[in-house]
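Data block below; observations after.
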Amino acid sequence: MPYHSDTSQAHRTPGETAARTVRVIPAVDLYLGTVTIVAGNRTLLFRHPHPQQIAKALARAVRPSTWCEVSRTLTVTVAATGKRDGQPQLFALGGREET
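For our numbering, add 614 to where a residue sits in the sequence shown, where the first one is 1.
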């Protein structure tokens, strides 16, 4: 019987690209409700309705936070019982301003 490799990701067309994520250290301003992310040579400023949730997640983070610019999603992996690699928490950020 011939060997068949896993083809779950082999059917990607040339126009499709995987969303790239970068490691970031976000700064959360609880008073203004903003999240600042430095990615590459740009500083991005976003608004979030519940900045306290992001700050609490960052306080419990067990891995570096990642940022996906395509989906505008900040992922913070926090400690979780029974999850050796932690539990990712996703935060959709909006109201982008570039400084």
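The C-beta atom is built at its ideal place from N, Cα and C for all residues, glycine as well. Being a predicted model, the structure only gives us computed values, none of them experimental.
Nearest CA to the CA of residue i: which residue from the options?
i	options	result
residue 676	667, 684, 693	693
residue 635	671, 666, 679, 660	679
Mark residue i as exposed unless 16 or more other C-beta atoms lie within 10 angstroms of its C-beta, in which case mark it buried.
i	result
residue 644	exposed
residue 704	exposed
residue 662	buried
residue 652	exposed
residue 639	exposed
residue 646	exposed
residue 617	At residue 617 the pLDDT is 43, less than 50, meaning the model places this residue with poor confidence; the figure from the coordinates comes in the next sentence. Classification for residue 617: exposed.
Determine whether the beta carbon atoms of residue i and residue j lie at a separation below 8 Å.
i	j	result
residue 672	residue 684	no
residue 669	residue 686	no
residue 633	residue 682	yes
residue 660	residue 698	no
Determine which residues share a DSSP beta bridge with residue i and list them.
i	result
residue 679	638
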